[in-house]
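Reading through the structure tokens given below for one structure.
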Amino acid sequence: MIIGSVRVHHEKVSSTNTVAALLLNGPKPVEGTVITASFQEKGRGQTGNGWESEAGKNLLMSVILYPLTVRAEDQFIISQTVSLALYDLVRQQTSGVKIKWPNDIYVKDDKIAGILIENSIMGNSIVSTVAGIGLNVNQKRWKGSAPNPVSLANLTGREYDPVKILDDLVRLLDERYAMATGNAADRLSADYHDALYRRGEWHHYADAEGEFTGMIESAGAGGLLRVRRENGISRDYAFKEIDYIL
Ligand code: BTN
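By this note's numbering, the letter at position 10 of the sequence shown is numbered 12, and the numbering carries on one by one without gaps.
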């Protein structure tokens, strides 16, 4: 196993992604090193948002990877890898699990996990990746402005053992990472396609030109989201160029 051969737990950190980035500034950490925390004082989400998580309730982790066989232009494979591992895990507990492009894990229309991937790129190579994962496990209520958080406990009424959840996720991540770095990137893409939230359904979206009704067709090469309009014309969107109207 590559993932989780080294594990470091902190009671309190600023952000596990920040701790991982600091480790990468020193002697090279072992690939697959996992950093977890019970609480983050400055949990970071995508696009500068925070990440709310009550102390000791959820899974907060970052994994250090060196995906040398993945070209920088194919870095979406890393998003697919981590999303699918979380998707696999959540699906073991409940139904209606999907991946909202690019890498949120949804159960029906609620968000159960978020991923913050920070790559260090040189030329066409990914020198290192920090894959940060926040999975809502035992938290029941949220104080902040997150629109639609949900946890495993909310969905099933059960209380989960965070150590068991971490062990399961590490194993699933290891399996998916082996696909990414081996010859199974096509299967990874196919699985991601199958899991894609709202694929093949008509829903409301907004882009720079305003609101529209569209149908997600795929998340293809380069990780762009392809959305078809009612007039039959499709357009590819990069992250943040399109908003989902929930
Ligand atoms: C998102 O906005 O959906 C991404 C959230 C990622 C949160 C996780 S929690 C562990 C790791 N450390 C952070 O500061 N962020 C990620």
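Ideal placement from N, C-alpha and C gives every residue a C-beta, glycine not left out.
Here the structure is a predicted model, which means the values were calculated and not measured.
Count the other C-beta atoms from every protein chain shown that fall within 10 angstroms of the C-beta of residue i, then say buried if there are 16 or more, exposed otherwise.
i	result
Asp193	buried
Ser97	exposed
Pro29	exposed
Leu168	buried
Ala57	exposed
Leu24	exposed
Ala210	exposed
Ala240	exposed
Leu248	exposed
Gly212	exposed
Asp163	exposed
Asp90	buried
Ser122	exposed
Asn27	exposed
If the criterion is Cβ atoms closer than 8 Å, does the pair residue i and residue j meet it?
i	j	result
Thr35	Ile66	yes
Leu175	Leu137	no
Val139	Leu118	no
Ala187	Pro69	no
Ala115	Ser64	no
Ser130	Ala74	no
Lys113	Asn150	yes
Ala221	Leu198	yes
Val165	Gly6	no
Val21	His12	yes
Val109	Val92	yes
Glu219	Arg237	no
For residue i, which option in the options has the closest C-alpha, if you only look at C-alpha atoms?
i	options	result
Thr49	Lys142, Leu86, Glu120	Glu120
Glu54	Phe78, Glu232, Gly146	Gly146
Val32	Val8, Arg189, Val15	Val8
Met124	Arg93, Gly234, Gln77	Gln77
Gly234	Glu161, Tyr246, Gly216	Gly216
Ile79	Arg200, Phe214, Arg178	Arg178
Asp196	Met3, Leu26, Val99, Thr18	Val99
Val15	Asn27, Met3, Ser40, Ile4	Ser40
Ile4	Val229, Ala180, Arg143	Ala180
### Query
Using 8 Å as the Cβ pair cut-off and three pairs as the minimum, do the stretch 99 to 115 and the stretch 220 to 231 touch?
Contact between the stretch 99 to 115 and the stretch 220 to 231 is present, because at least three Cβ pairs lie under 8 Å.
### Query
Closer than 5 Å from C-beta to any heavy atom of ligand 1: which residues, in chain order?
This selection yields Ser17, Thr18, Asn19, Gly45, Arg46, Gly47, Gln48, Trp53, Leu62, Gly116, Leu118, Gly134, Gly136.
### Query
Should the stretch 38 to 47 be called in touch with the stretch 204 to 223, which here means at least 3 C-beta pairs below 8 Å?
no
### Query
Does the stretch 72 to 85 come close enough to the stretch 154 to 163 to have 3 or more Cβ pairs within less than 8 Å?
Flag = no, the stretch 72 to 85 and the stretch 154 to 163 do not touch.
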